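Peer 1:
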Amino acid sequence: MPIHPKPSRTKCAPSPRPWPHSGARCQGLAVAAKKRKPITRVNVRVPATTSNLGPGFDVIGMALSLHCEVSLTIDRTRRGPAIVECSGEGAESLPKGESNLVVKSFRQVLPKERLPFALHFKIKNEIPLARGLGSSAAARLCGLLAAAAARDFRYTRPETALTHAVRLEGHPDNCVPAFFGGCRISVASTDPMVHFPIRIPKTIGFVACIPDFEVSTEKARRIMPAKVSVKTAIETSGRLAMLLYAFESESLSLIKTAVRDTLHEPHRAKLIPGFEKVRAAAERHGAFGACLSGSGPTVLALTPKSPQRRAMIGRAMVRAFRGAGSSARAISLDINTNGTKLTWGA
1186 MPIHPKPSRT
1196 KCAPSPRPWP
1206 HSGARCQGLA
1216 VAAKKRKPIT
1226 RVNVRVPATT
1236 SNLGPGFDVI
1246 GMALSLHCEV
1256 SLTIDRTRRG
1266 PAIVECSGEG
1276 AESLPKGESN
1286 LVVKSFRQVL
1296 PKERLPFALH
1306 FKIKNEIPLA
1316 RGLGSSAAAR
1326 LCGLLAAAAA
1336 RDFRYTRPET
1346 ALTHAVRLEG
1356 HPDNCVPAFF
1366 GGCRISVAST
1376 DPMVHFPIRI
1386 PKTIGFVACI
1396 PDFEVSTEKA
1406 RRIMPAKVSV
1416 KTAIETSGRL
1426 AMLLYAFESE
1436 SLSLIKTAVR
1446 DTLHEPHRAK
1456 LIPGFEKVRA
1466 AAERHGAFGA
1476 CLSGSGPTVL
1486 ALTPKSPQRR
1496 AMIGRAMVRA
1506 FRGAGSSARA
1516 ISLDINTNGT
1526 KLTWGA
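For the sequence shown, position 206 (counting from the first letter as 1) is numbered 1391 according to this note's numbering, and the numbering increases by one without interruption.
1. When you compare each of Arg1495, Leu1249, Leu1257 to Ala1531 by their alpha carbons, which one comes out closest?
2. Leu1425 by DSSP, collapsed to three states: which one?
3. Given Ser1436, which residues of its chain have a CB within under 6 Å of its CB, disregarding the five upstream and five downstream residues?
4. Thinking C-beta only, is Met1247 closer than 7 Å to Pro1386?
5. Quick one: what does DSSP say Met1502 is sitting in, helix, strand or coil?
6. Alpha carbons only, please: which of Ala1332, His1252, Ser1434 is nearest the one belonging to Val1294?
7. Quick test of your reading: Leu1477 and Asn1237, contact by CB under 8 Å. State the CB separation rounded to the nearest angstrom.
8. Nearest by alpha-carbon distance to Ser1480: which of Thr1234, Ser1491, Lys1222 is it?
9. Go through the region 1468-1494 residue by residue and report every complete run of the beta strand (DSSP E) that reaches 3 residues or more, in order.
10. Does the Cβ of Ile1224 have 16 or more other Cβ atoms within 10 Å, making it buried, or fewer, making it exposed?
11. Which first and last residues belong to the alpha helix (DSSP H) in which Ala1335 is found?
12. Within the continuous beta strand (DSSP E) that includes Leu1279, where are the two ends?
13. Give me the Cα-Cα distance between Val1229 and Val1415, rounded to the nearest whole angstrom.
14. Quick one, which of Asp1243, Leu1251, Arg1263 has its alpha-carbon nearest Asn1523's?
15. So, are the CB atoms of Cys1171 and Ala1496 less than 7 Å apart?
16. Could you give the DSSP three-state label for Glu1254: helix, strand or coil?
17. For the region 1267-1275 and the region 1298-1305, state whether three or more C-beta atom pairs, one from each stretch, are separated by less than 8 Å.
18. Of all the options Leu1429, Gly1367, Ala1467, which has the alpha carbon lying nearest to the alpha carbon of Leu1249?
19. Could you tell me if Glu1403 is buried or exposed, where buried requires 16 or more neighbouring beta carbons within 10 angstroms of its beta carbon?
20. Which word fits Pro1313, buried or exposed, when buried means at least 16 other C-beta atoms lie within 10 angstroms of its C-beta?
Given below as structure tokens:
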């Protein structure tokens, strides 16, 4: 199944141009672009994501209710380097110019030679950096889609920007759900890439327990073995099938076993002091199960929707991290079902 059906060539809505729901249906933009004034402002809002959910390594991802939002102003009366204003998570450490990941991704589509005008990026980021919540995927999508919109999608369509983001990230499990929303299974080894939605029961909420240290994706990948045993492969396949069945049938009692991965988590847990104690604390206080979020160090608990229960689980996880020598914070989250939102205009 392609990333999205070929867009139909229908008349576009007037400026400001809202990005239609469900990803890539920017219909008729290539036809109507010549009749429009040059784009001077773009706004992109991309959700955080969790990936793997235990056994779904590099395959399952889910959009969450935190966001990175980028507002771009293009001053076509002058030229100069990009200016970046940052607020929110990581604002002090994020680069403020061309080296910012949002800008670097933007330049992948529109290098200075093609768009030499002064660019002003305002970044409002809610996604913790290097914590396994898809911050880099969100930044890349923001930059790539902002660039596509800056030329009114005459040269780069949204689905092409998604494919580019997946290539830059090296795996689809964050980019695809961030783009479309919801929970998705993605298989990048096919041509074209295949992805499809997974239904998550409405009775499930989430608690992300975020420690005060970082784990880079590169380091978390290097620690994994190059080969795994047939036994591990079979066990991983079985747990993934069990997890999908648990979601589809709402057999929530199966989640605890299903999310206990044996492929990547035992190796990555070495980078996260107290991981098993944090997971045990979540389950002891009522979580259906808990796993690493992406490559970590965030631990994601699948929980009942009750705010009181989620708060209790979050406090228990924070205490467990503290007992292992790390400060942490807990955030109650829900699934983002809308995916990326994009508007642009003259």
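Don't be surprised by glycine CBs; every beta carbon is placed ideally from N, CA and C. These numbers were taken from a predicted model, which means no experiment stands behind them.
Peer 2: According to the data block:
1. Walking along the sequence shown from the start, residue 1531 turns up at place 346. Comparing Cα-Cα distances from Ala1531 to each of Arg1495, Leu1249, Leu1257, the minimum goes to Leu1257.
2. Within the sequence shown, residue 1425 is the residue found at index 240, counting from 1. For Leu1425, the secondary structure class from DSSP, reduced to helix, strand or coil, is helix.
3. Within the sequence shown, residue 1436 is the residue found at index 251, counting from 1. Excluding positions up to five away in sequence, the list is empty.
4. Locating residue 1386 in the sequence shown gives position 201, counting from the first residue. Locating residue 1247 in the sequence shown gives position 62, counting from the first residue. Between Pro1386 and Met1247, the CB-CB gap reaches or exceeds 7 Å.
5. Your numbering for residue 1502 matches position 317 in the sequence shown. Helix, per DSSP.
6. As a working note, residue 1294 is residue 109 in the sequence shown. Val1294 has its Cα closest to that of Ala1332, out of Ala1332, His1252, Ser1434.
7. Here the question's residue 1477 lines up with position 292 in the sequence shown. Here the question's residue 1237 lines up with position 52 in the sequence shown. With a Cβ gap of about 7 Å, Leu1477 and Asn1237 count as contacting.
8. Counting from 1 along the sequence shown, the entry for residue 1480 is found at position 295. Taking only the C-alpha atoms, the option nearest Ser1480 is Thr1234.
9. Within the region 1468-1494, the complete beta strand (DSSP E) runs of at least 3 residues are 1474-1477, 1484-1489.
10. Working through the sequence shown from its first residue, we reach residue 1224 at position 39. Ile1224 is classed as buried because its beta carbon has at least 16 other beta carbons within 10 Å across all chains shown.
11. In the sequence shown, counting from the first residue as 1, residue 1335 sits at position 150. For Ala1335, the enclosing alpha helix (DSSP H) starts and ends at 1320-1335.
12. Here residue 1279 is taken as the residue at index 94 of the sequence shown, counted from 1. The continuous stretches of beta strand (DSSP E) do not include Leu1279, and DSSP gives it neither H nor E.
13. As a working note, residue 1229 is residue 44 in the sequence shown. As a working note, residue 1415 is residue 230 in the sequence shown. Taking the straight line from one Cα to the other gives about 43 Å.
14. The residue labelled residue 1523 in the question sits at position 338 within the sequence shown. Per the Cα distances, Leu1251.
15. Here the chain covers residues 1186 to 1531 and nothing more, so residue 1171 does not appear.
16. As a working mapping, residue 1254 is identified with position 69 in the sequence shown. The answer is strand: DSSP assigns Glu1254 an E or B state.
17. Using a C-beta cut-off of 8 Å, the region 1267-1275 makes contact with the region 1298-1305, since at least three inter-stretch Cβ pairs fall below that distance.
18. On the sequence shown, residue 1249 is found 64 positions in, with the first residue counted as 1. Check the Cα spacing between Leu1249 and each of Leu1429, Gly1367, Ala1467: the tightest is with Gly1367.
19. Taking the sequence shown and counting its residues from 1, the one referred to as residue 1403 is at position 218. Residue environment for Glu1403: exposed (fewer than 16 other C-beta atoms within 10 angstroms of its C-beta).
20. Your numbering for residue 1313 matches position 128 in the sequence shown. Note on Pro1313: 16 or more other CB atoms within 10 angstroms of its CB, so buried under the neighbour-count rule.
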